[in-house]
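With UniProt numbering applied, the sequence shown has no gaps in its numbers, which climb one by one up to 425 at the end. Where a beta carbon is used, it is the ideal one built from N, C-alpha and C, also for glycine. Below you'll find the structure, written out as structure tokens, and then a few comments.
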Amino acid sequence: MAKKKKGKKGKKGKKGPEILTTGRILIERERAMCPRFGDAYARTERADIVKDEVAFYRIKKAVDKKLDCIDLAGCSYAFVPDELSQVPSLAATLVDLNLARNQLFNSDSAFSVLKNLVNLKRLSLANNFLNGKLSEDAGFLIRLEELDLDGNQLTALPESCENWSNLRVFSAGCNMIEELPPGAAHWTKLEMFNIRQNGFKALPALISKWTLMKRLCVGTNKLAVIPDEIASMEGLVELDVRKNELTEVPVSLGACKMLEHLNLGDNKITSIPEELITEFGCLRELYLYRNKLENLPADVGTLTKIEKLSLSKNNLKSLPEEMGELQNLTELYVNGNAKFNALPNSMGKLKLLRELALKACPKLKSLPKSVEECEALKFVDLRTGGKKDVCKMPQEMSDILTANKCRVMGAVVKKAKGKKGKKKK
1 MAKKKKGKKG
11 KKGKKGPEIL
21 TTGRILIERE
31 RAMCPRFGDA
41 YARTERADIV
51 KDEVAFYRIK
61 KAVDKKLDCI
71 DLAGCSYAFV
81 PDELSQVPSL
91 AATLVDLNLA
101 RNQLFNSDSA
111 FSVLKNLVNL
121 KRLSLANNFL
131 NGKLSEDAGF
141 LIRLEELDLD
151 GNQLTALPES
161 CENWSNLRVF
171 SAGCNMIEEL
181 PPGAAHWTKL
191 EMFNIRQNGF
201 KALPALISKW
211 TLMKRLCVGT
221 NKLAVIPDEI
231 ASMEGLVELD
241 VRKNELTEVP
251 VSLGACKMLE
261 HLNLGDNKIT
271 SIPEELITEF
281 GCLRELYLYR
291 NKLENLPADV
301 GTLTKIEKLS
311 LSKNNLKSLP
321 EEMGELQNLT
331 ELYVNGNAKF
341 NALPNSMGKL
351 KLLRELALKA
361 CPKLKSLPKS
371 VEECEALKFV
381 DLRTGGKKDV
391 CKMPQEMSDI
401 LTANKCRVMG
411 AVVKKAKGKK
421 GKKKK
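Here you go:
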């Protein structure tokens, strides 16, 4: 086949002016602070000046009106303002100081100013860039009651922390701390302790001194055990030990009879002691997701005040009939239990149940008829997560749930068979 000859190209017309304002060029010009496009830099510079003016005004206002609190959060401070300690009246009256979301880097530099605020009770240094060991000068704040160090890069607390004998709230989540200094035994008034997302491998025996503790948050660490000393916290209301390396729950936890929120999720727990369950009469929320539970003790029926129960991603095959005794249960999550095949017939007793999640339970082929009696039910998830859903639901049950404005996902509704007429010959 003969190739087509290429025709002669016509003369090109005159090009228009070359466009020099592509997105990439604009970005480069701003980055290089090009005079023509330097407005972004000027705006940033002006914003910093405005922040300085706002911070100065807040400090001046506190001095003039003899206020006992100053909020300097988000002012882009690289250093703590010297004015805080240089004005005698302010240094003597200041009780509450918020320095969160700044650019503080060196804790020695920061506390060289802060140590002079002798009456300070509440201090927030959250979300800065403090790193290494916290300054020993922090121990000068002997009246401190609340200290927030969340979101820094701290690796250790000072030995002088023993001077914080009035401390009620301590929060140092999202740092790199691995242990507590012995001086923490002097925090006898402590009510809330948060060290989420650190590197703790164990909690020290000194926590037995924290008898007034109400909220203990130690999730996302490397804890292998919950120490028996936790029994001294008889007024404990919330315990969060999620995402650790626990394999068992100590019976000594039963001494914490006031517990309302217990999160044991994302560990390696294989069973819950029966004698422990019966001690949690005040429990409202129990999270046991992502563990290795194969069964739930029958004594779970004693948790009559529980409202939320998460059992997702375990090795459960069924739930005990005593589940029907959980009269206040509103949310039940059993997602991701590959061997789960049956709900108890007592489900109909759960008159307040609003959400029933059974997603990714491929062995579950049907629901007990008593589910029709759950009048408050508003959401049921039966999706297998695969290509085909397998849990069958009678048309009658589907109609009852629909009438109660309940949304059902993943159910294979079995249509009622009508009477067939005689075939004509």
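(request) Taking LYS121 and GLU146 to be in contact with their CB atoms under 8 Å, please state how far apart those CB atoms are, rounded to whole angstroms. (result) Distance from LYS121 to GLU146 at the Cβ level is roughly 7 Å; contact confirmed, criterion being Cβ atoms closer than 8 Å.
(request) Starting from the N-terminal side, write out each stretch of the beta strand (DSSP E) that is 3 residues or longer and does not extend beyond the segment 151–208. (result) 153–156, 169–171, 192–194
(message) Looking only at its chain, what residues have a beta carbon closer than 8 Å to the beta carbon of ARG407, apart from the 5 residues adjacent to it on each side?
(response) Result list for ARG407: LYS378, PHE379, VAL380, in chain order.
(request) Count the other CB atoms, across all protein chains shown, that sit within 10 Å of the CB of LYS61; report buried if there are 16 or more and exposed otherwise. (result) With fewer than 16 neighbouring CB atoms inside 10 Å of its own CB, LYS61 falls in the exposed class.
(request) Report all residues from its chain with a CB closer than 6 Å to the CB of ASN128; omit the five preceding and five following residues, and keep chain order. (result) ASN102, LEU104, ASN152
(request) Determine the DSSP secondary structure at VAL413, reduced to helix, strand or coil. (result) strand
(request) Take SER366 as the anchor and find which of GLU355, THR384, ALA376 has the nearest alpha-carbon. (result) THR384
(request) Kindly list the residues whose CB is nearer than 6 Å to the CB of LYS425, restricted to its own chain and excluding five residues on each side of it in sequence; keep chain order. (result) For LYS425, the pLDDT reaches just 39, beneath the cut-off of 50, and the residue's location in the model is therefore unreliable, although a value from the coordinates is still provided. Excluding sequence neighbours, LYS425 sits near nothing in its chain.
(request) Under 6 Å Cβ to Cβ from SER312, same chain only, skipping five residues before and after it: list those, please. (result) TYR289, TYR333, ASN335, GLY336
(request) Find out if the Cβ-Cβ distance for the pair GLU229, ALA205 is shorter than 8 Å. (result) yes
(request) Can you grab the Cα-Cα spacing for the pair ALA298 / GLU322, in whole Å? (result) 6 Å
(message) Excluding the 5 residues flanking ALA376 on each side, which residues of the same chain have their C-beta closer than 7 Å to its C-beta?
(response) So the qualifying residues of the chain are LYS351, LEU352, LEU353, ARG354.
(message) I'd like the list of long-range same chain contacts for VAL413, defined as Cβ closer than 7 Å, with 5 residues on each side in sequence excluded.
(response) Within the same chain, VAL413 has close Cβ partners MET393, GLN395, SER398.
(message) Tell me the DSSP secondary structure of LYS401 in three-state form.
(response) Strictly speaking, residue 401 in this sequence is Leu, with Lys absent from that position. If DSSP states are grouped into helix, strand and coil, LEU401 belongs with the helices.
(message) Can you tell me whether ASN345 is helix, strand or coil according to DSSP?
(response) helix
(request) Since I believe VAL80 is in contact with LEU99 (beta carbons under 8 Å), could you give me their beta-carbon distance rounded to a whole number of angstroms? (result) 7 Å
(request) Whole angstroms is fine: what's the gap from LYS388's alpha carbon to VAL251's? (result) Their Cα atoms are separated by approximately 43 Å.
(message) Which runs of the alpha helix (DSSP H) at least 4 residues long sit entirely within the UniProt domain "Disease resistance R13L4/SHOC-2-like LRR" (253–378)? Give them in chain order.
(response) 274–277
(request) Could you tell me the distance, in whole angstroms, from the CA atom of LEU382 to the CA atom of LEU356? (result) 9 Å
(message) Checking the sheet assignment: what are the DSSP bridge partners for LYS133?
(response) ALA156
(request) Spatial neighbours of VAL300 within its chain, please: CB distance less than 7 Å, with the 5 preceding and 5 following residues excluded, ordered by chain position. (result) ILE277, PRO320, GLU322, MET323
(request) Buried or exposed for PRO158, please, with buried defined as at least 16 other CB atoms from any protein chain shown within 10 angstroms of its CB. (result) buried
(request) Would you tell me roughly how many angstroms separate the C-alpha atoms of GLU162 and GLU179, rounded to the nearest one? (result) In this structure, the straight-line span from the alpha carbon of GLU162 to that of GLU179 is close to 15 Å.
(message) Tell me the DSSP secondary structure of ASP64 in three-state form.
(response) helix
(request) Keeping to the same chain, check which residues put their C-beta closer than 6 Å to that of CYS374; ignore five residues upstream and five downstream. (result) LEU350, LEU353
(request) Give a yes or no on whether the C-beta atoms belonging to LEU223 and GLU245 are separated by under 8 Å. (result) yes
(message) On a Cα-Cα basis, can you pick out the residue from LEU97, PHE170, LYS363, LYS405 that is closest to GLU372?
(response) LYS405
(message) Less than 6 Å between C-beta atoms, sequence neighbours within five positions excluded: which residues of the same chain meet that for residue 426?
(response) The requested residue 426 does not occur in the structure, where the chain is confined to residues 1 to 425.
(message) Which residue wins for smallest C-alpha separation from LYS308, given the options THR330, LEU216, LEU358?
(response) THR330
(message) For LYS66 and LEU90, what's the separation of their Cα atoms in angstroms?
(response) 7 Å
(request) Compute the beta-carbon to beta-carbon distance between LYS268 and ASN291, rounded to the nearest angstrom, for a pair I have assumed lies under 8 Å. (result) 7 Å
(message) Assuming contact is defined by CB atoms lying nearer than 8 Å, are ARG284 and HIS261 in contact in what I supplied?
(response) Going by C-beta atoms, ARG284 is nearer than 8 Å to HIS261.
(message) Between which residues of its own chain and LYS257 is the CB-CB distance below 8 Å, once the five residues before and five after are set aside?
(response) In chain order, GLU234, GLU279, PHE280, GLY281, CYS282 place their CB closer than 8 Å to the CB of LYS257, counting only its own chain and leaving out the 5 sequence neighbours on each side.
(request) Output the distance between the C-alpha atoms of CYS174 and ILE272, rounded to the nearest integer angstrom. (result) Per the coordinates, the alpha-carbon of CYS174 lies some 29 Å from the alpha-carbon of ILE272.
(message) Relative to the C-alpha of GLU166, which candidate in GLU294, SER112, PRO181, ILE142 has its C-alpha closest?
(response) Per the sequence presented here, residue 166 reads as Asn, with Glu not at that position. When only C-alpha atoms are compared, the closest one is ILE142.
(request) Assuming LEU236 contacts LEU259 (C-beta within less than 8 Å), just tell me the rounded distance between them. (result) 6 Å
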